[in-house]
Amino acid sequence: MSYARLVFALTLCTASAGLAEELQPAPAGRILDESCDEANPCVKTLRCKDGVCQAPLVSYPTYKVVHLAAVLTLLFLLGGLCALAWADALDNKKVVRGLIIAHGVVMLLAIAGGFGLMARLGIAHGTSWPLWVKLKLGLWLVLGAAPMLPRRMPQRALLWMAIILGLAVMAASFAVNKPL
Ligand code: HEM
Numbered sequence: 010m011s012y013a014r015l016v017f018a019l020t021l022c023t024a025s026a027g028l029a030e031e032l033q034p035a036p037a038g039r040i041l042d043e044s045c046d047e048a049n050p051c052v053k054t055l056r057c058k059d060g061v062c063q064a065p066l067v068s069y070p071t072y073k074v075v076h077l078a079a080v081l082t083l084l085f086l087l088g089g090l091c092a093l094a095w096a097d098a099l100d101n102k103k104v105v106r107g108l109i110i111a112h113g114v115v116m117l118l119a120i121a122g123g124f125g126l127m128a129r130l131g132i133a134h135g136t137s138w139p140l141w142v143k144l145k146l147g148l149w150l151v152l153g154a155a156p157m158l159p160r161r162m163p164q165r166a167l168l169w170m171a172i173i174l175g176l177a178v179m180a181a182s183f184a185v186n187k188p189l
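This is the structure:
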């Protein structure tokens, strides 16, 4: 590509990016530190406290990092338990107990992060939740009971690994696609 064409293409991109930015509608609502009330709410990412728009204590990205870290660790721990079952090493009580306790802790972090994300997305508690959230809660309950599978039927460890991974991918796709 000749130098002239390259410069032309870059100028075009920057111009259209600048234009796109120009055309971006300003987010609806009052912005940071502006006064707010029922009739004049803040933009979605802020909360109206004492009549002033303020940044929330915990932001959407922070909740998402907590949620994702928790669900990734959950898969890690369940994978470890299935691997122990596969290796016929579930008699190592100390390791199994450690995995089960950690599983319980990250289950709580996953749901705390999930509820925080819902709050930041404006899905208030006490309102009817979209079906994709209810489905995710169902999958969370199943993944909560999942440690029983490799412990009760260790001979099917590989099958439980596949099922657990499938359920997690389903939960993730519900969050990304919000199908219902
Ligand atoms: C344990 C199973 C779960 C897995 C594997 C999982 C996975 C994920 C993933 C990968 C995302 C990020 C999607 C994105 O980047 O857009 C996400 C977002 C989210 N999850 Fe979960 N999640 C689980 C459980 C839950 C539960 C129990 C709740 C509700 C209490 C929940 C509520 C949410 C919400 C509200 C979002 C944000 C969606 C958005 O940003 O648009 N998740 N989840």
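Numbered by my numbering, the letters in the sequence shown go through residues 10 to 189 in order.
The C-beta atom is built at its ideal place from N, Cα and C for all residues, glycine as well.
Since this is a predicted model, take the numbers as computed values, not measurements.
Asked: Can you tell me which residues form a DSSP beta bridge with Lys225?; Found: Residue 225 is absent from the structure shown; the chain starts at 10 and stops at 189.
Asked: Buried or exposed: Ala96, going by 16 or more other Cβ atoms within 10 Å of its Cβ?; Found: exposed
Asked: May I ask you to report which of helix, strand or coil DSSP gives Cys51?; Found: strand
Asked: Could you give the distance in angstroms between the alpha-carbon of Leu90 and the alpha-carbon of Ile110?; Found: 12 Å
Asked: Going by the CB atoms, is the gap between Ala180 and Leu118 shorter than 8 Å?; Found: no
Asked: So, under 8 Å CB-CB, Met170 and Gly113 are touching, yes? Tell me the CB distance rounded to an integer number of Å.; Found: The pair is not a contact, with the Cβ atoms about 20 Å apart (cut-off 8 Å).
Asked: Between Trp141 and Ala177, what straight-line distance do the alpha-carbon atoms span, to the nearest angstrom?; Found: 14 Å
Asked: Apart from the five residues just before and just after Pro65, which ones in its own chain have a Cβ nearer than 6 Å to its Cβ?; Found: Arg56
Asked: For Thr82, which residues of its own chain have a beta-carbon under 7 Å away from its beta-carbon, when the five flanking residues on both sides are left out?; Found: Val115
Asked: Give a single yes or no on whether Ala184 has its beta carbon closer than 7 Å to a heavy atom of ligand 1.; Found: yes
Asked: Mind checking Leu108: buried by the 16 CB within 10 Å criterion, or exposed?; Found: buried
Asked: Could you give the DSSP three-state label for Ser68: helix, strand or coil?; Found: coil
Asked: Would you say Ile110 touches ligand 1, meaning its beta carbon is less than 7 Å from a heavy atom?; Found: no
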